[in-house]
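Before any comments, here is the structure.
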(Lines of atoms letter the chains of each structure in order from A; the text may use other names.)
(Lines give C-alpha, C1' and ligand atoms only; values in the text may rest on other atoms or scores of the structure.)
Protein backbone atom coordinates (compact mmCIF):
# COMPACT_ATOMS: atom_id res chain seq x y z
CA UNK A 99 0.00 0.00 0.00
CA UNK A 100 0.97 3.58 0.57
CA UNK A 101 -0.09 7.11 -0.28
CA UNK A 102 -1.31 8.14 -3.73
CA UNK A 103 2.14 9.59 -4.41
CA UNK A 104 3.56 6.10 -3.66
CA UNK A 105 5.30 7.14 -0.42
CA UNK A 106 4.83 4.63 2.41
CA UNK A 107 2.26 5.05 5.19
CA UNK A 108 2.11 3.48 8.63
CA UNK A 109 -0.59 3.52 11.27
CA UNK A 110 2.20 4.73 13.59
CA UNK A 111 1.51 8.15 12.04
CA UNK A 112 -1.74 8.30 14.03
CA UNK A 113 -0.13 10.23 16.89
CA UNK A 114 0.12 13.86 17.95
CA UNK A 115 -3.18 15.02 16.47
CA UNK A 116 -6.77 13.82 16.50
CA UNK A 117 -7.40 11.67 13.43
CA UNK A 118 -10.45 10.56 11.49
CA UNK A 119 -9.87 7.46 9.40
CA UNK A 120 -12.25 6.37 6.66
CA UNK A 121 -11.49 2.76 5.69
CA UNK A 122 -13.34 2.25 2.44
CA UNK A 123 -14.18 -0.48 -0.05
CA UNK A 124 -14.04 1.34 -3.42
CA UNK A 125 -17.51 -0.04 -4.22
CA UNK A 126 -18.79 1.91 -1.16
CA UNK A 127 -16.74 5.06 -1.78
CA UNK A 128 -19.71 7.44 -1.47
CA UNK A 129 -21.45 5.75 1.49
CA UNK A 130 -20.11 8.23 4.07
CA UNK A 131 -19.87 11.37 1.95
CA UNK A 132 -22.12 13.14 4.50
CA UNK A 133 -19.51 12.53 7.20
CA UNK A 134 -16.71 13.69 4.89
CA UNK A 135 -18.65 16.85 4.07
CA UNK A 136 -19.36 17.52 7.76
CA UNK A 137 -15.64 17.29 8.58
CA UNK A 138 -14.78 19.56 5.66
CA UNK A 139 -17.41 22.13 6.67
CA UNK A 140 -16.26 22.04 10.32
CA UNK A 141 -12.95 23.63 9.23
CA UNK A 142 -11.05 21.88 12.01
CA UNK A 143 -7.55 23.29 12.63
CA UNK A 144 -4.93 21.41 10.60
CA UNK A 145 -2.41 21.59 13.45
CA UNK A 146 -4.76 19.57 15.69
CA UNK A 147 -6.70 17.37 13.24
CA UNK A 148 -5.97 15.19 10.21
CA UNK A 149 -8.15 12.86 8.17
CA UNK A 150 -7.07 9.78 6.26
CA UNK A 151 -9.01 7.82 3.67
CA UNK A 152 -7.60 4.32 3.46
CA UNK A 153 -8.81 2.45 0.41
CA UNK A 154 -9.28 -1.31 0.74
CA UNK A 155 -7.99 -2.13 -2.75
CA UNK A 156 -8.46 -5.89 -2.22
CA UNK A 157 -12.22 -5.53 -1.62
CA UNK A 158 -13.27 -4.78 -5.18
CA UNK A 159 -13.28 -6.15 -8.69
CA UNK A 160 -12.60 -2.65 -10.07
CA UNK A 161 -9.23 -2.31 -11.82
CA UNK A 162 -6.62 -0.25 -9.98
CA UNK A 163 -6.51 2.43 -12.71
CA UNK A 164 -10.25 3.06 -12.29
CA UNK A 165 -9.86 3.34 -8.53
CA UNK A 166 -6.89 5.69 -8.92
CA UNK A 167 -8.95 7.95 -11.17
CA UNK A 168 -11.78 8.08 -8.61
CA UNK A 169 -9.26 8.77 -5.84
CA UNK A 170 -7.83 11.74 -7.71
CA UNK A 171 -11.35 13.21 -7.90
CA UNK A 172 -11.83 12.66 -4.15
CA UNK A 173 -8.42 14.20 -3.42
CA UNK A 174 -9.45 17.32 -5.34
CA UNK A 175 -12.73 17.53 -3.40
CA UNK A 176 -11.07 16.87 -0.02
CA UNK A 177 -7.54 18.27 -0.38
CA UNK A 178 -6.80 18.13 3.36
CA UNK A 179 -7.40 14.37 3.49
CA UNK A 180 -4.45 12.02 2.99
CA UNK A 181 -5.37 9.07 0.76
CA UNK A 182 -3.72 5.70 1.34
CA UNK A 183 -4.06 2.40 -0.54
CA UNK A 184 -4.27 -0.93 1.33
CA UNK A 185 -3.70 -3.75 -1.17
CA UNK A 186 -3.69 -6.61 1.35
CA UNK A 187 -6.57 -5.80 3.73
CA UNK A 188 -3.89 -5.18 6.36
CA UNK A 189 -6.18 -3.04 8.50
CA UNK A 190 -9.05 -5.52 8.28
CA UNK A 191 -6.69 -8.02 9.90
CA UNK A 192 -4.79 -5.63 12.21
CA UNK A 193 -7.76 -3.60 13.50
CA UNK A 194 -10.58 -6.13 13.02
CA UNK A 195 -12.73 -3.70 11.06
CA UNK A 196 -15.38 -4.76 8.62
CA UNK A 197 -14.42 -5.66 5.08
CA UNK A 198 -16.36 -4.64 1.96
CA UNK A 199 -17.79 -1.59 3.72
CA UNK A 200 -17.13 2.03 4.63
CA UNK A 201 -15.84 2.25 8.20
CA UNK A 202 -15.20 5.46 10.12
CA UNK A 203 -12.82 5.58 13.07
CA UNK A 204 -11.36 8.41 15.14
CA UNK A 205 -8.23 8.35 17.27
CA UNK A 206 -7.04 10.71 20.00
CA UNK A 207 -3.57 12.31 20.12
CA UNK A 208 -2.11 9.18 21.74
CA UNK A 209 -3.51 6.91 19.04
CA UNK A 210 -6.37 5.51 21.15
CA UNK A 211 -9.64 4.69 19.41
CA UNK A 212 -12.34 7.20 20.42
CA UNK A 213 -15.00 6.51 17.76
CA UNK A 214 -15.88 3.65 15.46
CA UNK A 215 -18.79 2.90 13.18
CA UNK A 216 -18.85 0.25 10.47
CA UNK A 217 -21.18 1.18 7.64
CA UNK A 218 -23.14 4.34 6.93
CA UNK A 219 -23.13 7.05 9.58
CA UNK A 220 -26.50 8.69 10.22
CA UNK A 221 -26.82 12.33 11.32
CA UNK A 222 -26.55 11.40 15.02
CA UNK A 223 -23.38 9.40 14.34
CA UNK A 224 -21.89 12.36 12.47
CA UNK A 225 -22.71 14.71 15.37
CA UNK A 226 -21.08 12.26 17.79
CA UNK A 227 -18.00 11.97 15.56
CA UNK A 228 -17.57 15.75 15.45
CA UNK A 229 -18.17 16.01 19.21
CA UNK A 230 -15.50 13.45 20.15
CA UNK A 231 -13.02 14.97 17.71
CA UNK A 232 -13.53 18.48 19.11
CA UNK A 233 -13.41 17.24 22.72
CA UNK A 234 -10.12 15.44 22.17
CA UNK A 235 -8.57 18.28 20.16
CA UNK A 236 -9.01 20.53 23.20
CA UNK A 237 -7.49 18.06 25.68
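Numbering (my numbering), first residue to last: 99 to 237. The C-beta atom is built at its ideal place from N, Cα and C for all residues, glycine as well.
Closest Cβ-Cβ distance between residue 102 and chain D: below 7 Å? In the structure shown, chain D does not exist; there is a single protein chain.
When the Cβ atoms of the stretch 155-169 are set against those of the stretch 128-144, are three or more pairs found closer than 8 Å? no
Give the range of the beta strand (DSSP E) segment to which residue 231 is assigned. Here residue 231 belongs to no beta strand (DSSP E); instead the alpha helix (DSSP H) covers 221-235.
Between which two residues does the beta strand (DSSP E) holding residue 118 run? 116-122
Output the boundary residues of the beta strand (DSSP E) element that contains residue 151. 147-154
If you run the structure through DSSP and keep just helix, strand and coil, what is residue 200? strand
Quick one: measure Cβ to Cβ for residue 223 and residue 215, integer angstroms, because I've assumed they're closer than 8 Å. 5 Å
Sequence-distant residues of the same chain with beta carbon closer than 7 Å to residue 212, five excluded per side: 204, 205, 206, 230 and 234
Can you list, in chain order, the residues of its chain with a C-beta nearer than 8 Å to that of residue 155? Leave out the 5 residues immediately preceding and following it. 99, 124, 162, 165, 183, 184 and 185
Once the 5 residues before and after residue 199 are set aside, which same chain residues still bring their CB inside 7 Å of it? 123, 126, 216 and 217
Outcome for residue 110 when other beta-carbon atoms lying within 10 angstroms are tallied against a minimum of 16: exposed
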